[in-house]
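Step one of this worksheet: look at the structure below.
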Amino acid sequence: MQIWQEFQQQSQQFTKRVFNRHLRLGVTGLSGAGKTAFITSLVNQLTAPVASVQLPFFSPFIQQRYLGGRIDSLQNMQTPRFPYESNLLQLQQGQWPASTSSWSQLSLNLRYKAAGGLAAQLTDYRSLQLDVVDYPGEWLLDLPMLSQDYQSWCQFSWQLFEKPHRAELGAEFAADLAQLDLNDDSEQQLQQLTNKYSELLQKFRSESHACLLQPGRLLLPGELAGTPLLQLLPLLPSQLQQPSKLLSRLQQHYISYQKLVITPFYQRYFAGIDHQVVLVDCLSALNAGYDVLQELQQALMLILQSFQYGPTGWWRRLFKPRISKVLFAASKADQLTPEQHKNLTLLLQQLLQQPLQDSRYQYCQSEAMALSAVVCSEFGQVQTPEGTQPCLRGIAAHSGETITLFPGEVPWSMPSPLLFAHHQFAFPAFLPRPMPQQVLPHLRLDQALEFLIGDHMT
């Protein structure tokens with residue numbers, strides 16, 4: 418019975434791909450980039466009553482062809498469901514929902530009128546199944562490990578640990594490793610080392626604001642918590658020169674992690690992606706400093722090398738789907754006054770210059786924009802001795818109090834270390850504005866929808 422159901426499901430997906438009625442959207446980004454808020458707002462815009470939604474740049478909506486959408490109640494029972502309703506409730510109550518802790522998916526059925534031609538005459542409506550996939554950003558960072566062996570991963574890790582914003586914490590861990598008996602590969606020592614390395618990664622994230630943290634499953638283990646697969650850490654480069662029991666054990670664990678954790682994750686959640694959103698929190702990186710901004714750029718370039726981009730003719734679409742569209746989105750644009758949004762987009766393009774060139778070279782459509790999935794601020798102007806100045810008003814995340822401020826300017830290109838030596842960026846973090854029963858306010862989400870799915874709803 419189960420085999421027959423799986424066959425039916427695969428046959429339905431095959432048919433939908435033939436007629437371009439099924440689209441799988443991957444929402445990608447490092448931890449804290451706003452994936453959960455993005456998906457919640459996207460679903461909210463597409464499933465709320467059409468009369469209450471504002472999507473002026475989404476062609477099916479502005480042409481009055483969009484009939485509405487609903488969440489598919491028949492989603493695969495073995496697939497974890499994205500907690501849309503609880504996330505929406507938290508946002509409407511003025512709270513940010515919890516970050517993603519495991520992978521999930523939500524399937525939407527979108528109905529629309531055909532734009533013209535024979536289809537418009539023969540049918541009352543057409544439908545598009547949109548699968549939206551969410552997963553922890555921490556897991557995403559494991560993808561580059563597929564192209565490395567254990568020794569090269571250790572070398573790469575310690576190059577990162579020597580960066581100025583990591584050096585002090587890295588030196589403490591290096592001192593612990595230097596005292597090891599490398600011929601002791603006991604379970605007790607291996608688990609103690611894993612615990613210390615996991616604590617180091619947590620400190621890198623919380624104290625150094627680092628984002629390139631591997632293996633990601635040590636930060637968010639999910640169903641692998643407590644398993645030997647997560648007993649993994651980088652030995653010092655000097656400890657790789659001579660064979661030892663501990664080195665041999667860690668090499669075996671690394672291979673197992675690649676084979677049993679990273680590869681299935683990549684194949685299951687990414688190999689079938691048609692269109693992709695890459696969310697990037699440039700503003701938090703600017704707040705943290707030059708080294709963190711550089712690390713963000715490095716992490717994004719490594720991650721995007723793992724994806725397949727290119728054209729999707731019908732034969733390739735059926736049997737080897739590729740990502741045919743990718744949207745690079747600078748998130749949290751509501752932390753800026755409107756005249757700074759162009760600079761934010763230009764900065765994002767600078768950070769992603771090489772990936773943008775690569776994806777275009779492989780005939781993948783790409784676009785970069787600044788957006789906010791949930792707008793938390795109000796724009797205004799104030800009078801100062803220097804004249805009229807733009808400002809924002811919102812609820813400060815750190816205090817819960819309403820503040821009015823000019824958050825500052827965004828550099829339009831990659832800033833130099835000298836700028837950070839003389840200037841501290843301080844873009845504010847806001848809480849959502851309480852708005853019970855209302856559609857979530859957004860900035861340019863309609864433009865994102867037009868790019869991602871507009872041409873599939875004609």
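Quick note on numbering: the sequence shown equals residues 418 to 875 in this note's numbering.
From the three backbone atoms N, C-alpha and C, an ideal C-beta is built for every residue, glycine too.
Residue j beta carbon less than 8 angstroms from that of residue i
{"i": "Leu525", "j": "Ile479", "result": "no"}
{"i": "Ala785", "j": "Leu753", "result": "no"}
{"i": "Ala591", "j": "Leu653", "result": "yes"}
{"i": "Leu558", "j": "Asp601", "result": "no"}
{"i": "Cys699", "j": "Leu761", "result": "yes"}
{"i": "Gln507", "j": "Pro514", "result": "yes"}
{"i": "Leu744", "j": "Leu459", "result": "no"}
{"i": "Ser673", "j": "Leu630", "result": "no"}
{"i": "Ala450", "j": "Ala790", "result": "no"}
{"i": "His582", "j": "Gly706", "result": "yes"}
{"i": "Leu560", "j": "Ser723", "result": "yes"}
{"i": "Val792", "j": "Pro845", "result": "no"}
Whole-number beta carbon distance between residue j and residue i, since they are thought to touch under 8 angstroms
{"i": "Ala814", "j": "Phe847", "result": "6 angstroms"}
{"i": "Arg666", "j": "Leu594", "result": "Wrong, their Cβ atoms sit about 14 angstroms apart, outside the cutoff."}
{"i": "Ala702", "j": "Val709", "result": "5 angstroms"}
{"i": "Gly811", "j": "Glu795", "result": "7 angstroms"}
{"i": "Thr445", "j": "Gln693", "result": "6 angstroms"}
{"i": "Leu769", "j": "Ser830", "result": "Not really, about 13 angstroms apart at Cβ, beyond 8 angstroms."}
{"i": "Leu442", "j": "Asp548", "result": "7 angstroms"}
{"i": "Ile740", "j": "Ile690", "result": "5 angstroms"}
{"i": "Leu880", "j": "Ile870", "result": "Coverage of the chain is limited to positions 418 through 875, which leaves residue 880 absent and any answer about it impossible."}
{"i": "Lys452", "j": "Leu696", "result": "6 angstroms"}
Residue i burial status per 10 Å Cβ neighbour count (16 or more: buried)
{"i": "Lys749", "result": "buried"}
{"i": "Thr540", "result": "exposed"}
{"i": "His873", "result": "buried"}
{"i": "Leu835", "result": "exposed"}
{"i": "Gly554", "result": "buried"}
{"i": "Glu818", "result": "exposed"}
{"i": "Pro755", "result": "exposed"}
{"i": "His758", "result": "buried"}
{"i": "Glu616", "result": "exposed"}
{"i": "Ala642", "result": "exposed"}
{"i": "Arg634", "result": "buried"}
{"i": "Phe736", "result": "Residue placement at Phe736 is poorly supported in this model, since its pLDDT is 43, which falls under 50; the coordinates still yield a value, given next. Flag for Phe736 reads exposed."}
{"i": "Pro477", "result": "buried"}
{"i": "Thr517", "result": "buried"}
{"i": "Ala584", "result": "exposed"}
{"i": "Ile720", "result": "buried"}
{"i": "Ala838", "result": "exposed"}
{"i": "Ile456", "result": "buried"}
{"i": "Arg543", "result": "buried"}
{"i": "Asp566", "result": "exposed"}
Contacting residues, own chain, Cβ-Cβ under 6 angstroms from residue i (five flanking each side not counted)
{"i": "Gly486", "result": "Leu463, Thr464, Leu525 and Leu527"}
{"i": "Leu852", "result": "The sequence given here has Met at residue 852, not Leu. Within the same chain, Met852 has close Cβ partners Gln509."}
{"i": "Lys580", "result": "Asp708"}
{"i": "Glu604", "result": "none"}
{"i": "Lys742", "result": "His692 and Gln782"}
{"i": "Met648", "result": "Residue identity check: residue 648 is Gln in the sequence provided, not Met. Leu607, Thr611 and His670, listed in sequence order."}
{"i": "Ser574", "result": "Pro651"}
{"i": "Ser661", "result": "Leu599 and Asn600"}
{"i": "Leu866", "result": "Phe475"}
{"i": "Ser519", "result": "Gly639"}
7 angstroms CB neighbourhood of residue i in its chain, flanking five on each side removed
{"i": "Gln806", "result": "Gln798, Val799 and Phe823"}
{"i": "Leu618", "result": "Leu630, Leu635 and Leu636"}
Own chain residues within Cβ distance below 8 angstroms of residue i, not counting five before or after
{"i": "Val856", "result": "Asn461, Gln462, Ala465, Ser469, Val470 and Gln471"}
{"i": "Tyr686", "result": "Gly443, Trp520, Val550 and Tyr552"}
With a floor of 3 residues, list each beta strand (DSSP E) that falls wholly inside the segment 424 to 494, ordered by position along the chain.
439 to 446 and 483 to 488
Any chance you could list the alpha helix (DSSP H) runs of at least 4 consecutive residues sitting entirely within the segment 579 to 647, in chain order?
584 to 595 and 604 to 623
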